[in-house]
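**Q**
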Amino acid sequence: MAILKLPRLWAAPLGRTAAATAIDVTAGTAADGLDAFGSEEAPSVESQTAVEPPMQRAHHAAAVRASAAGKWLLVILLSAGAAVAGLIAYQKRFPRAASTGNVTIETTPAGLEVVLAGKSLGKTPLTTSLAPGVYEAKVGAGPDARTVKLSVTAGVSIVQHVEFATAPSPAAAAFGGLRVQTEPARLPVTVDGVARGAAPVAIDQLAPGEHQISVKTSSGVVHRTVTVQPRETLSLIVSSAGAAAEPGVVAAGWISVSSPVALQLREAGKLIGSTESDRLMLPAGDHDIELSNEELGFTAKRTIRVTAGKTAATKIELPNGTLSVNAQPWAEVFVDGERVGETPIGNLSRRIGSHEVVFRHPELGERREVVVITAGKPARVGVDLRKK
């Protein structure tokens with residue numbers, strides 16, 4: 004039989020003395036017929052008569068069972084802890100795949116409301132997360148609102164740009180504009196008998212049709228008759244020089260300059276208008292006009308002959324500049340809607356001015372940038388599609 008040795012730690016709670024514990028150990032050894040070193044000897048009379056009382060045996064057995072239960076509880080807790088640690092390590096090693104995609108909606112102009120499934124998401128520009136699928140979002144309000152289809156893929160970010168035409172309101176479309184400049188400046192101007200102050204004078208809402216312009220000069224009053232068209236701005240320059248030579252005779256015409264970008268017009272170093280005006284009134288004769296756009300580094304000169312009562316039209320062709328495009332890791336590139344290849348792209352020839360560049364990647368989505376190409380130096384644009 005196995006030798007049962009009870010530690011002294013259990014002896015005190017059970018009410019046993021040191022002597023009783025010693026007797027128990029001796030009794031256990033004698034019952035096996037072996038001493039502490041494994042040699043056989045006959046049991047002593049004292050060993051045979053030393054029997055543990057029933058109550059002490061019961062407490063002893065309870066203590067043994069409690070100790071065993073504690074060990075099993077410790078094993079269970081350690082096993083549970085190991086399982087939780089293993090689950091955390093597994094999740095770190097194999098993270099759950101993204102269950103949503105990101106959608107960014109931009110508009111020109113900005114500040115338009117976006118509605119999805121009857122719920123407002125806010126005003127542009129905005130970014131939101133959606134579950135994978137195909138959605139229809141309403142951008143803007145009223146008759147100009149548009150429906151945009153969004154294809155969302157898990158873990159992918161897309162950018163949707165919507166451009167709205169800035170059409171004038173019906174009320175604004177019914178009016179035209181007038182700009183009056185004088186040589187010299189600060190001469191009093193009257194329009195249809197109403198004093199408008201000293202030149203230069205700007206009237207933005209003027210009814211279409213003929214209007215009488217009067218400018219008071221040192222030598223008298225100069226009268227001009229102009230015709231204003233809806234949604235057009237007419238520029239009139241009145242010079243006091245030679246006004247008295249032919250009083251009442253309109254010896255002037257107009258010039259109309261069209262350009263893909265806004266250009267300023269100067270004559271003899273003085274600003275006389277810009278291409279944003281539909282027509283500019285000038286005295287009849289030849290005029291050396293300088294056209295420029297400082298931002299684009301562009302300057303050109305034209306000699307325009309003005310005929311009395313007629314409009315001389317001139318069209319300006321802008322030169323090309325160069326554009327270099329790159330993206331990380333890579334992307335298809337579209338310039339003003341035309342596919343031009345995959346990055347990197349260098350020395351792409353395009354007309355000077357603003358251009359929209361679209362980068363597309365099958366996994367990283369789409370990015371839009373606006374780049375200005377100038378006549379002075381090459382333009383460069385680059386994006387990192389890995390950064391949102």
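The sequence shown begins at 4 in our numbering and counts up one residue at a time.
Glycine is no exception: its CB is placed at the ideal position from the N, C-alpha and C atoms.
Using DSSP with H/G/I as helix, E/B as strand and the rest coil, what is Gly145?
**A** helix
**Q** Indicate the three-state DSSP secondary structure (helix, strand or coil) for Ala22 in the structure shown.
**A** Low local confidence applies: a pLDDT of 36 at Ala22 is under 50, so the model's placement there is unreliable, with the coordinate-based value given in what follows. Helix, per DSSP.
**Q** Is the beta carbon of Lys122 sitting closer than 8 Å to the one on Leu115?
**A** no
**Q** Distance check for Glu359 and Glu341, CA to CA, integer angstroms please.
**A** 10 Å
**Q** Taking 6 Å as the limit between beta carbons, can you name the residues of its chain near Gln184, skipping five residues before and five after?
**A** Ala202, Pro203, Ile240
**Q** For Ser47, which of helix, strand or coil comes out of DSSP?
**A** A caution first: Ser47 carries a pLDDT of 43, below 50, which makes its placement in the model too unreliable to give a value.
**Q** Grab the span of the beta strand (DSSP E) containing Val361 for me, first residue to last.
**A** 356-364
**Q** Would you kindly work out how many angstroms separate the C-alpha atoms of Ser217 and Phe362, rounded to a whole number?
**A** 56 Å
**Q** If you draw a straight line from the C-alpha of Leu326 to the C-alpha of Leu274, how long is it?
**A** 32 Å
**Q** Check the DSSP bridge columns for Leu115 and list the partner residues they point to.
**A** Leu115 is not bridged to any residue.
**Q** Run through DSSP, which three-state label would Arg182 get?
**A** Look at Arg182 here: in three-state DSSP terms it is strand.
**Q** To the nearest angstrom, how far is the alpha carbon of Ile292 from that of Leu266?
**A** 11 Å
**Q** Would you check if the region 186-197 and the region 214-228 touch, i.e. whether three or more CB-CB distances between them fall below 8 Å?
**A** yes
**Q** To the nearest angstrom, how far is it from the Cα of Val231 to the Cα of Gly300?
**A** 33 Å
**Q** Bridge partners for Arg371 per DSSP, in chain order?
**A** Val361
**Q** Which term fits Thr107, buried or exposed, when burial requires 16 or more other beta carbons within 10 angstroms of its beta carbon?
**A** buried
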